[in-house]
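Below is one structure, written out as structure tokens, with a few remarks after it.
Protein chains in written order, with the numbering used here: chain A, 4 to 135; chain B, 4 to 135.
What follows is the structure in structure tokens.
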């Protein structure tokens, strides 16, 4: 499969990817792609990201089982950002157990946590820090 | 106004911001914030970004008039990514005139442009490259 060229140079080999629930339209998370993660995502049909903290490719859900099946792939006007519309296995994208990584809303000067966790991270990750 | 602390260090002073239409849920664009753009966005209630190409703060719509009024602000689990839900003045966020910067969908190995431009960039920007 021929993979569309993206502009990874602006951020030194990575670029931001926005991940949206294909059904609800909820923005689930934002991560980073490098060339290898981009190719794996397209070829396998499941989201792969580049983990800055681990310095390696990471298949989303590789430990939790909460994988993301690719439904649609959109590329932005400058070829330097990608939008993935996904089916989120397990219903939650965030390593904290919430549906979305964006589960804190700014109300005035305070952050309000909205919703409740879908899973218990201690049970899913067994106390070990997950990839992200 | 006290502004929540974000982790700008991971990307050397900037972090990705995802912009979503508050009404339709469409993801309009992804840009970058630095500390100053973050403060301006919260204090003024209109989206401000950091332009990597221009090396300066940019009020979205400063030339086109297509400003983004902040409806909701969400912060991610690691304090290193922000989701803005906005009202998009003029109906289009992209400098090409399309509603969304993500107006090209990957179908197999081809990119399909979806939708039609809301405005003519030549008329809005007069042939000069817009901020982005």
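No residue lacks a Cβ here, since even glycine has one placed at the ideal position from N, Cα and C. Everything numeric in this text was worked out from a predicted model, so none of it was measured.
Using the rule of at least 16 other Cβ atoms within 10 Å of the residue's Cβ for burial, across every protein chain shown, is residue i buried or exposed?
i: residue 4 of chain B; result: exposed
i: residue 50 of chain B; result: buried
i: residue 63 of chain A; result: buried
i: residue 98 of chain A; result: buried
i: residue 67 of chain B; result: buried
i: residue 126 of chain A; result: exposed
i: residue 48 of chain B; result: exposed
i: residue 90 of chain A; result: exposed
Going along chain B in order, which residues have a C-beta closer than 8 angstroms to the C-beta of residue i?
i: residue 23 of chain A; result: 30
Which whole-angstrom value is the C-beta distance of residue i and residue j, which I expect to be below 8 angstroms?
i: residue 2 of chain B; j: residue 30 of chain A; result: One cannot answer for residue 2 of chain B here, as it falls past the ends of chain B, which runs 4 to 135.
i: residue 84 of chain A; j: residue 43 of chain A; result: Incorrect: roughly 18 angstroms between the Cβ atoms, too far for contact.
i: residue 38 of chain A; j: residue 11 of chain A; result: 6 angstroms
i: residue 28 of chain B; j: residue 28 of chain A; result: 4 angstroms
Could you check whether residue j and residue i sit closer than 8 angstroms to each other, using their CB atoms as the reference points?
i: residue 61 of chain A; j: residue 9 of chain A; result: no
i: residue 107 of chain B; j: residue 78 of chain A; result: yes
i: residue 100 of chain B; j: residue 121 of chain B; result: yes
i: residue 13 of chain B; j: residue 55 of chain A; result: yes
i: residue 76 of chain A; j: residue 25 of chain A; result: no
i: residue 23 of chain A; j: residue 86 of chain A; result: yes
From the beta carbon of residue i, is the nearest beta carbon of chain E less than 8 angstroms away?
i: residue 53 of chain A; result: No chain E appears in this structure, whose protein chains are A and B.
Quick one: which chain A residues come within Cβ less than 8 angstroms of residue i?
i: residue 67 of chain B; result: Residues of chain A passing the Cβ test: none, with the nearest at roughly 14 angstroms.
i: residue 76 of chain B; result: 108, 109
i: residue 98 of chain B; result: 80
Identify the contact partners of residue i in chain A, using a Cβ-Cβ distance below 7 angstroms as the criterion.
i: residue 112 of chain B; result: 4, 5
i: residue 59 of chain B; result: By Cβ distance, chain A contributes nothing, its closest Cβ being about 16 angstroms from residue 59 of chain B, past 7 angstroms.
i: residue 13 of chain B; result: 55
i: residue 86 of chain B; result: 30, 105
Quick one: which chain B residues come within Cβ less than 9 angstroms of residue i?
i: residue 43 of chain A; result: Those within 9 angstroms of residue 43 of chain A in chain B number zero; the least Cβ separation is about 15 angstroms.
Closer than 7 angstroms by beta-carbon distance: list the chain B residues that pair up with residue i, in chain order.
i: residue 120 of chain A; result: Near residue 120 of chain A there are no residues of chain B at all, since even the closest Cβ is about 11 angstroms away, more than 7 angstroms.
Given that residue i touches chain A, what residues does it touch there, using C-beta distances under 9 angstroms?
i: residue 19 of chain B; result: 19, 21, 33, 35, 84
*Minimum length 3: unbroken beta strand (DSSP E) runs contained in the segment 50 to 106 of chain B*: 51 to 54, 59 to 62, 71 to 78, 85 to 91
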